[in-house]
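Keeping their order, the protein sequence lines are chains R and E.
Residue numbers are given in my numbering: position 50 of the first sequence equals residue 1548, and the series is strictly consecutive.
Residue numbers are given in my numbering: position 60 of the second sequence equals residue 110, and the series is strictly consecutive.
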Amino acid sequence: MLLELAAEPNILRIDWVKFTFGAIALAVVYFFVVRKSVPKVMKVLDERHDAIEGGIERAKKAEAEAEEIRQQYREKLEESHREYAQELEKAKEQRAAIIAEAREEAQVEAQRIIESAKAQIEADRQQAFVQLRGEIGTLSTELASRIVGETLSDSAAQTRVVDRFLEELGQDESAKQAEVR
Amino acid sequence: MSADVRILAAEPGCHLFGDNGCGFTAPTIGMFFPEPWFANIPGSAGIDLYLVLLLVAVGAVLLLWSWFSRKLSLVPGRRQSVGELLILFIRDNITRPTMGEKGDKFIPFMTGIFSLILAMNFTGLIPGMLPVNSNLAFTVMFALTIYVMTIVIGIKHQGGWGYFRNQIFPPGMPKWIYVLVTPIEILSVFLIRPVTHALRLFATMFAGSLLLAVFAYGGWYMLNLTAEPMLAAVSVFYSGAALLGYIAFFVFEIAIMLIQAFVFTLLASLYLNQSLEAAH
Chain R
1499 MLLELAAEPN ILRIDWVKFT FGAIALAVVY FFVVRKSVPK VMKVLDERHD AIEGGIERAK
1559 KAEAEAEEIR QQYREKLEES HREYAQELEK AKEQRAAIIA EAREEAQVEA QRIIESAKAQ
1619 IEADRQQAFV QLRGEIGTLS TELASRIVGE TLSDSAAQTR VVDRFLEELG QDESAKQAEV
1679 R
Chain E
51 MSADVRILAA EPGCHLFGDN GCGFTAPTIG MFFPEPWFAN IPGSAGIDLY LVLLLVAVGA
111 VLLLWSWFSR KLSLVPGRRQ SVGELLILFI RDNITRPTMG EKGDKFIPFM TGIFSLILAM
171 NFTGLIPGML PVNSNLAFTV MFALTIYVMT IVIGIKHQGG WGYFRNQIFP PGMPKWIYVL
231 VTPIEILSVF LIRPVTHALR LFATMFAGSL LLAVFAYGGW YMLNLTAEPM LAAVSVFYSG
291 AALLGYIAFF VFEIAIMLIQ AFVFTLLASL YLNQSLEAAH
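Encoded structure:
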C-alpha cells in the first residue's frame, strides 16, 4: 500500500498531450459554437427584441399622434369658440353702429326736411305776400273807385279823400316794403 | 507507474464478511490515470480514456449547439428557447453583472466556454467514467487561455504600460501604500489568479469523482450475498445505505459540476472586465 502510494503518479503534472488536445477542443468549439451557432441564436434574439421594441415604439408613436390630434382638435374648438364670441361681439358693435348711423341719418334727413319745409313755407309766404300786395293794390284801387264813384258829386271832398288815401297808401307801402325786406 | 496501480476496481472477490479475509481497498489516485492505448509519447501518459471523453464532450457541445441554432425563427419553439435561455442566462448572470453592456460582445465566448466546461464535467456522470476536467492539463489550458486573453485585451484597451500600471498600482490610493499593495497585486494578478483559476475546477472535479468512487466501491465491497443469511441481510442493508449515499452525492455532484462551470466562466468574465477598464 505504502509502496503503491509512493509509486502513484503525480496528479499535478500537466500532460502536454492532453493540454494540446484540450486546446484543439476549445478551438473547435470556438469556431463552431462561439463564432457560428451562438451568434445565430443571438441574432434572432436581437431581431425579436427589435420587433417587440419596435411594436411598443409604434404603439407609443400612434398614441402620441392621437394625443397630438386631440390637442389640435381641442385647440381648434377653443379657437372657433373664441372666433364665434368675437364675431358676436363684432356683430353687436356693428348693429349698434348701424343703428346709430341710421339714427343720425334720420335726424339729418328730418332736419333737411324741416329746413326745406321752412324754406318752402318762406317761399310760399313770400309768394303769397307778393301776390297779396298786387291784389291789395287792385282791390284798394277798386274800393277806392267805388267810394270815389259814389261821392264824385262833391268834388272838393273827393279831392281831399283821394289825396289823403294816396298819402297814407304811400306811407303804408314804404313801411310794409321795409318790413318785408 | 506499475500496471496494477491503474486497476480501477478492488479485487473482485473481496467482500465484507468474505472468507478470504481481505479488507476494503479504497479507490486510489490511480483511478485518474486510466490505462493508455498508445503510451509511447515522451513526457505524456499517452492517448487514454480522457481524450475519448474529451471527444464525447466536444461532440455533445457541437451537436447541441448546431441543434439549438437550426431553423431559427422569431417565434421560437421549445428547442430554440432552450438555447436562448442558456445565452440569456450567461448574459444576465455572467457578462452583464461583471462587464455591463460593453461585455455583450463576449457573450458567445462565455457561452461556448461554459458549455464546453460543463460538458467536460458531465462526462463524470456516465457510470464508470471520469469528468474530463479531473485532469489538470485541461483546466490549465482553459485558465491559460483566459490569462492570455486578459493580458492581450488589457494591452489593447489600456495600452501596454497602462494595463500593467493599472493592475499593479491600483489607482486612487495614498502613495506609501503601494509599497505594500504592489507586490501583493503582482503576485495575485499574474501568478495566483491563473493558478487558482485552473486548480479550483480541477480540484472540485477530482474530489467529487473520488467521493463518488468511494461510495461505489464501498457499496460493492459491502454487498456479500454468499455469506450466512443473517450477515448477507446486514451486507445488503449496508450496501443499500452506500447506494443511497451514492445517489445523494451523485445529485450533489451534478450541482457542483454546474456551479464550477459557472464559477469558472464568471471569474473569466471578471478578469476580462479588469482588462477592459482600469481597476477601481
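By construction, the Cβ of each residue, glycine as well, lies at the ideal position given by its N, Cα and C atoms.
For S123 (chain E), the closest alpha carbon among the candidates R:Q1609, R:V1539, R:I1509 is that of R:V1539.
If you check the CB distance, I306 (chain E) and G258 (chain E) come in under 9 Å.
Taking a contact to require three or more Cβ pairs closer than 8 Å, the stretch 280-295 of chain E and the stretch 233-240 of chain E do not qualify as touching.
When secondary structure is reduced to three states using DSSP, F287 (chain E) falls in the helix class. For Y321 (chain E), no CB of chain R lies under 9 Å from its own CB, so it is not counted at the interface with that chain.
The continuous alpha helix (DSSP H) containing K1516 (chain R) extends over residues 1514-1527. In the assembly as shown, A263 (chain E) is a buried residue. Its beta-carbon has 16 or more other beta-carbons within 10 Å. For A248 (chain E), the CB contacts under 6 Å within the same chain, skipping 5 residues up- and downstream, are T189, V190, A193 in chain order. Closer than 9 Å to the CB of F82 (chain E) there is at least one CB belonging to chain R. Residues of chain E with a Cβ closer than 7 Å to the Cβ of R1546 (chain R) are, in chain order, L124. The stretch 1551-1568 of chain R makes no contact with the stretch 165-183 of chain E; the number of CB pairs closer than 8 Å stays below 3. Taken atom to atom, the span from the alpha-carbon of A1621 (chain R) to that of A1615 (chain R) is near 10 Å. For I203 (chain E), none of the residues of chain R pass the 9 Å Cβ criterion, the least Cβ distance being about 15 Å. Counting only residues of its own chain and dropping the five nearest sequence neighbours on each side, M179 (chain E) has a CB closer than 7 Å to the CB of L103, T173.
Going by DSSP, S165 (chain E) is part of the alpha helix (DSSP H) stretching over 157-172. At least one C-beta of chain R is nearer than 9 Å to the C-beta of W115 (chain E). The Cβ atoms of N323 (chain E) and G153 (chain E) lie closer than 9 Å to each other. E303 (chain E) sits away from Q208 (chain E), with the two beta carbons spaced by 9 Å or more. The C-alpha of T145 (chain E) is placed about 36 Å away from the C-alpha of A1562 (chain R). Three or more Cβ pairs closer than 8 Å define a contact, and the stretch 1517-1537 of chain R meets that threshold against the stretch 163-172 of chain E.
CA-CA distance, V313 (chain E) to Y288 (chain E), rounds to 36 Å. When Cβ-Cβ separations below 9 Å define contact, Y100 (chain E) makes contact with chain R. Under a criterion of Cβ atoms nearer than 9 Å, no residue of chain E is adjacent to I1554 (chain R); the nearest Cβ is some 16 Å distant. Around the beta carbon of I218 (chain E), a 10 Å sphere encloses 16 or more other beta carbons of the protein chains shown; the residue is thus reported as buried. Distance between L281 (chain E) and G73 (chain E), taken at the CA atoms: about 16 Å.
In the DSSP assignment, F252 (chain E) falls within the unbroken alpha helix (DSSP H) covering 243-272. Y100 (chain E) places its beta carbon less than 9 Å from that of K1516 (chain R). Between Y271 (chain E) and H65 (chain E) a beta carbon distance of about 6 Å is seen, short of the 8 Å cut, so the two are scored as contacting.
Listed along the chain, the chain E residues whose CB falls inside 8 Å of the CB of A1549 (chain R) are L124. Rounded to whole angstroms, the separation of the alpha carbons of Y213 (chain E) and G222 (chain E) is 15 Å.
Within chain E, the C-beta atoms nearer than 8 Å to that of I1512 (chain R) come from L186, A187, V190, in chain order. V108 (chain E) is positioned such that its CB atom lies no closer than 9 Å to that of A1521 (chain R). About 11 Å separates the beta carbons of A283 (chain E) and F67 (chain E), which is beyond the 8 Å limit, so they are not a contact pair.
In the three-state reduction of the DSSP assignment, I97 (chain E) falls in the strand class. Using a CB distance cut-off of 9 Å, T145 (chain E) does not count as an interface residue toward chain R.
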